[in-house]
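Take a look at the structure below.
Protein chains: 2
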Amino acid sequence: MELSELPTPALVAERSALDHNIAAMAARRPGAELRPHVKAFKCTKLAARLADAGHRTFCAATIREIEGLAAAGLGEDVLLANEVLDCTRLGALIRAGTADVTVAVDSQATIDAAARGGVGRVLIDVNIGLPRCGCDPADAGRLAERARAAGLHVAGVMGYEGHLVGRPERAERRDGLGESLPLLRRAWDEVGGDVCSGGGTGTYDLNDLVTEVQAGSYVLMDTAYAQLGLPFREGLGVLATVVSVGRSRGRTYGVADAGLKCFGMDHGNPGLDGAKVWFCSDEHTTFAADPETGGVDPLVGDRVRLRPAHIDPTIACHEVLWLVDGDDVVDRWEIDLRGW
Amino acid sequence: MELSELPTPALVAERSALDHNIAAMAARRPGAELRPHVKAFKCTKLAARLADAGHRTFCAATIREIEGLAAAGLGEDVLLANEVLDCTRLGALIRAGTADVTVAVDSQATIDAAARGGVGRVLIDVNIGLPRCGCDPADAGRLAERARAAGLHVAGVMGYEGHLVGRPERAERRDGLGESLPLLRRAWDEVGGDVCSGGGTGTYDLNDLVTEVQAGSYVLMDTAYAQLGLPFREGLGVLATVVSVGRSRGRTYGVADAGLKCFGMDHGNPGLDGAKVWFCSDEHTTFAADPETGGVDPLVGDRVRLRPAHIDPTIACHEVLWLVDGDDVVDRWEIDLRGW
Numbered sequence: 001m002e003l004s005e006l007p008t009p010a011l012v013a014e015r016s017a018l019d020h021n022i023a024a025m026a027a028r029r030p031g032a033e034l035r036p037h038v039k040a041f042k043c044t045k046l047a048a049r050l051a052d053a054g055h056r057t058f059c060a061a062t063i064r065e066i067e068g069l070a071a072a073g074l075g076e077d078v079l080l081a082n083e084v085l086d087c088t089r090l091g092a093l094i095r096a097g098t099a100d101v102t103v104a105v106d107s108q109a110t111i112d113a114a115a116r117g118g119v120g121r122v123l124i125d126v127n128i129g130l131p132r133c134g135c136d137p138a139d140a141g142r143l144a145e146r147a148r149a150a151g152l153h154v155a156g157v158m159g160y161e162g163h164l165v166g167r168p169e170r171a172e173r174r175d176g177l178g179e180s181l182p183l184l185r186r187a188w189d190e191v192g193g194d195v196c197s198g199g200g201t202g203t204y205d206l207n208d209l210v211t212e213v214q215a216g217s218y219v220l221m222d223t224a225y226a227q228l229g230l231p232f233r234e235g236l237g238v239l240a241t242v243v244s245v246g247r248s249r250g251r252t253y254g255v256a257d258a259g260l261k262c263f264g265m266d267h268g269n270p271g272l273d274g275a276k277v278w279f280c281s282d283e284h285t286t287f288a289a290d291p292e293t294g295g296v297d298p299l300v301g302d303r304v305r306l307r308p309a310h311i312d313p314t315i316a317c318h319e320v321l322w323l324v325d326g327d328d329v330v331d332r333w334e335i336d337l338r339g340w
Numbered sequence: 341m342e343l344s345e346l347p348t349p350a351l352v353a354e355r356s357a358l359d360h361n362i363a364a365m366a367a368r369r370p371g372a373e374l375r376p377h378v379k380a381f382k383c384t385k386l387a388a389r390l391a392d393a394g395h396r397t398f399c400a401a402t403i404r405e406i407e408g409l410a411a412a413g414l415g416e417d418v419l420l421a422n423e424v425l426d427c428t429r430l431g432a433l434i435r436a437g438t439a440d441v442t443v444a445v446d447s448q449a450t451i452d453a454a455a456r457g458g459v460g461r462v463l464i465d466v467n468i469g470l471p472r473c474g475c476d477p478a479d480a481g482r483l484a485e486r487a488r489a490a491g492l493h494v495a496g497v498m499g500y501e502g503h504l505v506g507r508p509e510r511a512e513r514r515d516g517l518g519e520s521l522p523l524l525r526r527a528w529d530e531v532g533g534d535v536c537s538g539g540g541t542g543t544y545d546l547n548d549l550v551t552e553v554q555a556g557s558y559v560l561m562d563t564a565y566a567q568l569g570l571p572f573r574e575g576l577g578v579l580a581t582v583v584s585v586g587r588s589r590g591r592t593y594g595v596a597d598a599g600l601k602c603f604g605m606d607h608g609n610p611g612l613d614g615a616k617v618w619f620c621s622d623e624h625t626t627f628a629a630d631p632e633t634g635g636v637d638p639l640v641g642d643r644v645r646l647r648p649a650h651i652d653p654t655i656a657c658h659e660v661l662w663l664v665d666g667d668d669v670v671d672r673w674e675i676d677l678r679g680w
């Protein structure tokens, strides 16, 4: 199928960018040194590409993601890098033999949930600066003891520098790690185990402590990560059709048929080459040409490719990701890990 | 089922608020004076409630929404209140006899699409101040002639004051309509036809020109519309579980298991009674108690109900809406109109 035949709005991924990004990461973090985070793309077909590139261990943010990986035959070593109070569904996968699951814990309640649910292996999740999940580093050793007392195998620690991964300057990210990683190092020493899991797209080559990097956004990137000077290419777009044009305050604007229901908006409006986006509404993006960057006034029927500001919640809006190569649509991948 | 048994995150709607809102709107805009906009809630079970309350005409923003209404037996009079360049799927519904469809047009291209696709009835969409779809009011009469020349029945006009519906002060909304409605009035005079369609939740009782109001958000509201002093109650929530607590800068915070993938974020963070939301990430909302409004520090295992800032893109994130009555879950409604 040709790209011009795709009904819009359509989530598209440029194959060349995907291939480039996978290769670039695999060169620096080969095999199990990368634990790809499927929360970024929620697609087992894409995960299978990563497995083909040597990464067969995955991490996830939801139980549904783990279930989907297991159903796709990708459950041989999966980490739920998140806290949950009910591990029943994870335990069922383990008993069925379709997934080998580790879960993050940061409290007595999450330890109890793992033990009760039949998940035998945990990482102690340590807060290293982001006020989200993770225990106080000083509590990590004690929690590990409690987990062992509950009959769990403590494989090591996890600590995610989510407050640093998006900082635009490399030096800022590096300096931030200089404060965060010693916290994780100390916790790991007290916890023991072989695994130290953490990191992300913004710190994949700066975090020299972790034994495995939990990156996902690098596969297709977004306009926010594109500011960081990383060796990964933006490859994700939402293809849209200009369904209306008008004039406002002396300017011609176009209205594309992709809006709030197509994009994660927490990082702001999508980008559009040669244009300035004015605003998004439920099913529309209103934009005007930016002559300074080579833009020309839109016409009804034009096709535009909007570049999402945040990959994870954008992909989660869509049922399907179309893999494209220039003007050709080369594959159709279901976004099959949505929901909870 | 009891509310406490629902796995989280879960989209919930308070039945009492829904019933109140439906009754309040039906009292002011009974029957076909309201054309409920399904884009707000994307759920045929909820649409069926509106039909039971006397509103059997619907409008939609996507073809998929129209297809879903038709499949649910709610297609007797549906308006695609949006511009599309391919009406093939709408024409198929008409030929199958499952939906009677009108479509908005604002250009020669959209007129051609309606004629080509087999949609015989159109409204001329007029721009009355929002730079989105809609023709220049001065072009409306000429477009109507062209539509008739293409063999279409022109039922009237449509004009949406989307730039006004969210203004917090009633007087601002009323004054804005004082500028916008004369544009629509003049266009309607030139176009002819019985229908003048427009309005929304914020102007449902202020817009005295339209023959039918296109409101949808009123059914369950959101924190943005709740600022407007309307007689509709907030009834939508995302139920979440506190999966972690921590301390940061001398404050205790809680981490609830609902984040960016649960909420339309364009209007900002969700609200939480008795608390201040710090930030949302993909699957989490970090918040702290606000003692001034009666909040107490969260504990792991607490359940919280986050109030979305924007109903439409929030509901579109979910597969299911749970109808609740206090502590009881009374129904499970699929969000079956998602996608395109």
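Quick mapping for you: the protein sequence lines, in order, are chains R and H.
Oh and the first sequence: position 43 is 43 in the numbering used here, straight run, nothing missing.
Start counting at 1 in the second sequence, then tack on 340, and there's your number in the numbering used here.
Even for Gly, the Cβ is constructed at its ideal location relative to N, Cα and C.
- Comparing alpha carbon positions, the residue from R:G229, R:T285, R:S197 closest to R:A32 is R:S197.
- Where H:I468 is concerned, there is no enclosing beta strand (DSSP E), because DSSP gives it neither an H nor an E.
- Within the same chain, and ignoring the five residues on either side of R:E65 in sequence, the residues whose Cβ sits closer than 6 Å to its Cβ are V38, L337.
- In the DSSP annotation of this structure, the continuous segment of the beta strand (DSSP E) that includes H:V494 starts and ends at 493-499.
- Counting only runs of at least 4 residues, the segment 504-534 of chain H fully encloses the following alpha helix (DSSP H) elements, listed from N- to C-terminal order: 510-531.
- In the structure shown, R:L228 adopts helical secondary structure according to DSSP, grouped into three states.
- No Cβ-Cβ contact shorter than 9 Å links H:G415 with H:D465.
- Annotation for R:T110: E83 place their beta carbon closer than 6 Å to its own, counting only its chain and skipping 5 residues before and after.
- Flagged as an interface residue toward chain R: H:K601, by a C-beta distance shorter than 9 Å.
- If only uninterrupted alpha helix (DSSP H) runs of at least 4 residues are considered, those enclosed by the segment 81-112 of chain R are 88-96.
- Here R:Y253 carries a strand assignment [DSSP, helix/strand/coil].
- Per DSSP, reduced to three states, the secondary structure at H:D392 is helical.
- Measuring C-alpha to C-alpha distances from R:G162 to each of R:S217, R:G271, R:V300 identifies R:S217 as the nearest.
- Per DSSP, the beta bridge partners of H:H377 are H:C399.
- Chain R has a Cβ within less than 9 Å of the Cβ of H:T450.
- H:F603 has no beta-bridge partner at all, per DSSP.
- Under the three-pair Cβ rule at 8 Å, the segment 185-200 of chain R does not count as touching the segment 224-243 of chain R.
- When the beta-carbon positions are compared, R:A40 and R:I335 stay at least 9 Å from each other.
- Around the C-beta of R:G271, 16 or more other C-beta atoms lie within 10 Å, and the residue is accordingly described as buried.
- Only exposed fits R:E145, as fewer than 16 other CB atoms lie within 10 angstroms of its CB.
- Within 10 angstroms of the beta-carbon of R:D106 lie 16 or more other beta-carbons, which makes it buried.
- Close CB contacts of R:F263 within its chain, under the 6 Å cut and outside five residues either way in sequence, are with P270, P308, T314 (chain order).
- In this structure the segment 6-26 of chain R lies against the segment 322-329 of chain R, because at least three pairs of beta carbons, one per stretch, are closer than 8 Å.
- Around the CB of H:G634, fewer than 16 other CB atoms lie within 10 Å, so the residue is classed as exposed.
- Using a Cβ-Cβ cut-off of 7 Å, R:L85 is close to T581, V583, G641 of chain H, given in chain order.
- Taking a beta-carbon distance threshold of 9 Å, R:M265 counts as an interface residue toward chain H.
- One thing to note: H:V441 has its Cβ no nearer than 9 Å to the Cβ of H:L425.
- Beyond the five residues adjoining it in sequence on each side, R:V320 comes within less than 8 Å, by CB distance, of A10, L11, R332, W333, E334, I335 in the same chain, given in chain order.
- With contacts defined as CB atoms closer than 9 Å, R:H153 and R:R132 fail to qualify as a contacting pair.
- By the criterion of a C-beta distance shorter than 8 Å, H:Y593 is surrounded in its chain by V585, G586, R587, W618, T626, F627, A628, P638, once the five residues flanking it on both sides are discounted.
- For R:P313, the C-beta contacts it makes with chain H under 8 Å involve L600, K601, M605, D622, in order along the chain.
- Contacts with chain R (Cβ-Cβ distance below 8 Å) from the segment 432-451 of chain H involve D446, S447, A449, T450, listed in chain order.
- In the same chain as R:W188, and ignoring 5 residues on each side of it, the C-beta atoms closer than 7 Å to its own belong to G156, V157, C196, in chain order.
- Judged by DSSP in its simplified three-state form, H:G413 adopts coil rather than helix or strand.
- Residues of the segment 643-673 of chain H that bring their beta carbon within less than 7 Å of a beta carbon in chain R comprise D652, P653, A656, E659, in sequence order.
- CA-CA distance, H:E552 to R:K42, rounds to 41 Å.
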